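Protein chains in written order, with my numbering: chain L, 1 to 338; chain G, 339 to 918; chain C, 919 to 1298.
Every residue gets a Cβ at the ideal spot worked out from N, C-alpha and C, and that includes glycine.
Since the model is a prediction, treat every value here as computed from it, not as a measurement.
See below:
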């Protein structure tokens, strides 16, 4: 009998070994929890950028360990929906997407109210009146073009539907990119553009890449001559030396403000609130500027190569209408693609 | 009715254990989940039954549970509604077409390479044999990235063509690109399968044809190829199933042209918020893929095996004569285009500071590589992947060894089912496995932890060890074990002392292959990833998706190189052992 | 039918191993020649060289007067017009019996109508008429080997090559096929080269036997010549299981190192009665030289230790102990330990028991002067 047990020992070891192997991969152990608090952030920020933000935040908040889960906005929304169904959202902070999504979450009771110490320094339109979210950076969607292929890009959305750009346009997928979904709704509802413009755009056979990153990439390497893309992606590539230039469409620039909020389920409400507040603090905004973003407060400066906010014709549609019409707009756009 | 009979047999079993004076019987006549296994365990009374029961319990948990959850979820009426969606039908069609087309191409290429590289006297075939396997050693999604870099509208190929005045506008995107790339990444597997089958053909069958008056090409046509047919079929089925499951290539190459396959459709359902609860729909598609895979696997098991007992005579040498040099040149072009240039394109992207910057010596920089390799995101990805892959390798080695031992040594009527249970997951799209684990994770309380990924990895890769151990084990004469039995060992003892020891090196090799495969895994991880468990594949995919192609390429290049070196070294070691 | 002529044939493997060296041999028209030797002796290498699966690195090979291999000549196997039977039959599993047998004819361009007739005739010859349409998997081992034989002779080859053709079969079947093979080759007047490691088979079947060792021909001769006049100690031990006794040859007389080794004396006292001395006979008065005596099991008589009081007195002769005695067809195959020398003796007429003490009486021996080469003529 004893021999048999010895012989079986390796099999019994399987789960045990698995446990050891995984111990480091999972959540932090109980011993650590006493000393450091872990803050989990869901974000669609590029990995390198969020890494810098976290580093800066951790420096001023000793004892806080920020864990980042980065994914495209669409994925984050799915994850949050799934987690809500199975009980509890496992993150504390969300930094992603667009205001309509946050409005929906706020309405569903998913978000906690914020106390933003820096609120006074910010433009009102970037702060939720009910206090559920705060915009953290202005991300306009613009038209970028490859300077090797073109001397000047299309000056407006209307110009983009011209025959010359047929098959040469790249744009992000509104199913995946939060900004793209938002933009689609804005275009759809903007009187000057609307359904007709969307139809013409799709008739120009754009390449629909997954998200903004690949669009900037495609324009920079020249596989697309023109791209509909968020401006910082294009400006960053230009700064690194890529042959890409930025044009802010004259007929209006839609933008998202990359809102941040705290989940109601969070057990670290205070720290989560601090993290969000940090994002809109002077330091946080200067970091945003250094990361090529347009800031939400005026004392943080402007990134290199970017125009001042006043020079841009920002579109400020009714966000509630956008929220209500977003899925219809995306659905319409998708139906055109088929 | 069934429950009743199970309960009865369970009681009888317990009673007999008691009478036997063996382990303490459970006090109450509860229904036992696998009463049949228990009954057999008692009948054998030799420990082998215990091993078998143990392996079955682990497999039932790792394989049965996720698939059961998937099936239950997938047959709900609301889930089936997904089949009414024309997008699903189109994706299914695309999946079948791309998988069949690419498997056909891969089999043809594999057969050609096997014959030329195994049999002919083409110069430099030693190096070529290794080089043609390169696409196998590079994860498909990284291969896709490499080809995107190579065939971008402004990439090196199109640029060169333009310089020559040809405005070809070659593009890798779209259905044809998917088929081509799937073929590129699966032909090495076809080659390996066919080459193995070719080596199993007894050389004297070909010699008999020679002496009967047939020249080499005639021998190839009338003897070698007909005998190779089962090997060709096996290669076709294997590549078909593998290509049906691939995610990286259709995602990166197909989606931009809106060429959707079932795998990318599932991903889209899961990753985009258009569907409020995507799990039922995804389960239904997963169930469809599961059924497809089961049919394919069962069909393949029905195929006549190509395992003739080979004689010592080596196969006929194919004298190429004057064709020697042209064939060699052709193969080197092949290797260059298919295997080397994409890697260079990847390196090019990794070494340039930003896209669109001309490739000159001054512009090259290691900035991308150092930046990504040292970034916290990548470090976490590498750490997690090593941990998860290591754990998976360990579990797979032990479990796979157990399964292979039972399959090759015990003659038991549950062996057929055991075989299917252990090797079926390999034929399943990673997405199916991932969805299965996504479904059971909340119930098991392991949602959003590394355990889900570990479980899915073990399920997906245990077959690698089973296969690696099985062939050498089958060739170990059972008389070795019988000798141990006559020396006084129980069947289990004999199995562990003799056969398991002999199989251990092969199991280790299998484990290393699991490690190297899991560490670069993308399809499963991307769906199961949670805060703190981001894997290396996901890190690369994230970098790529957020537009940091330089960083993504840098990391991908490192992964590709480590994979190539690691797998080559493992193969070399394994071969050396075989030669001995 | 044709002759096969080998001139100074040599083969060196890629790894430097010498497979064949200096093979001079002529297989006569219609002759059944056996290649005999231990494994690694080069017999299969030689057969495969004749078949054309190996290219000799030296020498010439001619079949039916046509040079098929030389320094600047190379005829591939399919153009040599040979038939070959492989050890594990090498029947193509994807073709029927008739398909297998008809294959060489098809390749030779024989019209389809004639093929079926010829196949039928050959299948009748090997007794497989009713199996023509079966798949090989449905045949027994013996039947498969018959199919292989039919396939090898169907196109009337210049010569038939047999590579351990019967070795994979069980004994009774093997004996029967051996007879059938002999009859068939006689009937067809086939030149046959048969590789085997089975001495009885080689001696029983062949007109002449070639004994090979280390890639060199040791002896060519009829079975009787090999048994009665082996040219060296290797042939004697390999063909007859002879026991070797090293010793010294002085003035034509052999003195073994072994204390018990005695050859019968003649009346005139000539020491080496019954010894066949092979190799150049040392001139009288010349210095002594080392030599070896080979004693085959049938040339020894055993005397039980008890009956030693009469007959030749053997002062100092050690006794031998019986270590085993196995009953065989020709008597008890007895092994002795004779003062440290393991000896094999064939005993008839009485039953040796293990542990018996006996005195071996050597009646005949072949003495090989170690300076003689393989070519040395026998002398007596």
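- Bounds of the alpha helix (DSSP H) holding residue 670 of chain G are 662-672.
- When Cβ-Cβ separations below 8 Å define contact, residue 1214 of chain C makes no contact with chain G.
- In this structure, residue 272 of chain L lies away from residue 136 of chain L, with their beta-carbon atoms at least 8 Å apart.
- According to DSSP, residue 525 of chain G shares a beta bridge with no other residue.
- Taking the beta carbon of residue 545 of chain G as reference, the chain C residues within 9 Å of it are 966, 969, 971, 995, 1002, 1004, 1008, listed in sequence order.
- A straight line joining the alpha-carbon of residue 1130 of chain C with that of residue 968 of chain C spans about 15 Å.
- Among the residues of chain L, none has a CB under 8 Å from the CB of residue 816 of chain G; the nearest is roughly 19 Å distant.
- Considered as a whole, the segment 716-799 of chain G harbours 753-761, 768-782 as its complete alpha helix (DSSP H) runs of no fewer than 4 residues, in chain order.
- Going by beta carbons, residue 116 of chain L and residue 280 of chain L fall inside the 8 Å limit.
- Listed along the chain, the chain G residues whose CB falls inside 7 Å of the CB of residue 220 of chain L are 692, 693, 694.
- When the alpha-carbon of residue 1251 of chain C is set against those of C/1009, C/932, C/1266, the nearest one is in C/1266.
- If the five residues before and after residue 1001 of chain C are omitted, its C-beta is found closer than 6 Å to the C-beta atoms of 1070, 1071, 1075, 1078, all from its own chain and listed in chain order.
- Straight-line spacing of the CA atoms in residue 459 of chain G and residue 656 of chain G works out to 6 Å.
- Three or more Cβ pairs closer than 8 Å define a contact, and the segment 674-686 of chain G meets that threshold against the segment 471-484 of chain G.
- Spatial neighbours of residue 982 of chain C in its own chain (CB-CB distance under 6 Å, excluding positions within 5 residues in sequence) are listed in chain order as 920, 1076.
- Residue 487 of chain G: member of the alpha helix (DSSP H) spanning 478-489, first to last residue.
- In the structure shown, residue 110 of chain L falls within a coil segment according to DSSP collapsed to helix, strand and coil.
- Near chain L, meaning a CB-to-CB distance below 7 Å, the residues of the segment 767-796 of chain G are 780, 785, 786, 787, 788, 789, 792.
- Distance from the CA atom of residue 1133 of chain C to the CA atom of residue 1112 of chain C, rounded to whole angstroms, is 16 Å.
- Considering only beta carbons, the part of the segment 553-579 of chain G lying closer than 9 Å to chain C consists of 553, 554, 556, 557, 560, 561, 564, 565, 567, in chain order.
- Excluding five sequence positions before and after residue 768 of chain G, the CB atoms of its chain that fall closer than 7 Å to its own CB belong to 583, 585, 798, 861, 862, given in chain order.
- Residue burial is scored here from C-beta neighbours: residue 330 of chain L has at least 16 other C-beta atoms within 10 angstroms and is therefore classed as buried.
- Inter-residue distance for residue 713 of chain G and residue 118 of chain L is about 30 Å (C-alpha atoms, whole angstroms).
- For residue 606 of chain G, the enclosing alpha helix (DSSP H) stretches over residues 600-609.
- Note that the segment 233-242 of chain L touches the segment 212-221 of chain L; at least 3 beta-carbon pairs, one per stretch, sit closer than 8 Å.
- Between the alpha carbons of residue 519 of chain G and residue 580 of chain G lies a gap of roughly 13 Å.
- Secondary structure at residue 1003 of chain C: strand, using DSSP grouped into helix, strand and coil.
- Taking 8 Å as the cut-off, the Cβ atoms of residue 247 of chain L and residue 145 of chain L count as close.
- Around the CB of residue 575 of chain G, 16 or more other CB atoms lie within 10 Å, so the residue is classed as buried.
- Here residue 706 of chain G has 688, 888, 889, 892 as same chain residues with Cβ atoms under 6 Å from its own Cβ, once five neighbours each way along the sequence are excluded.
- Shown here for residue 867 of chain G: same chain residues with a beta carbon closer than 7 Å to its own, the five before and five after excluded, namely 873, 876 in chain order.
- With a beta-carbon spacing of about 6 Å, residue 1154 of chain C and residue 1284 of chain C fall inside the 8 Å limit used to define contacts.
- Residue environment: residue 57 of chain L is assigned as buried (16 or more neighbouring CB atoms within 10 Å of its CB, all protein chains considered).
- Separation of residue 976 of chain C and residue 962 of chain C (C-alpha to C-alpha, rounded to the nearest whole angstrom) is 17 Å.
- Secondary structure of residue 1170 of chain C (DSSP, three-state): coil.
- Listed along chain L are 217, each with a C-beta nearer than 7 Å to that of residue 887 of chain G.
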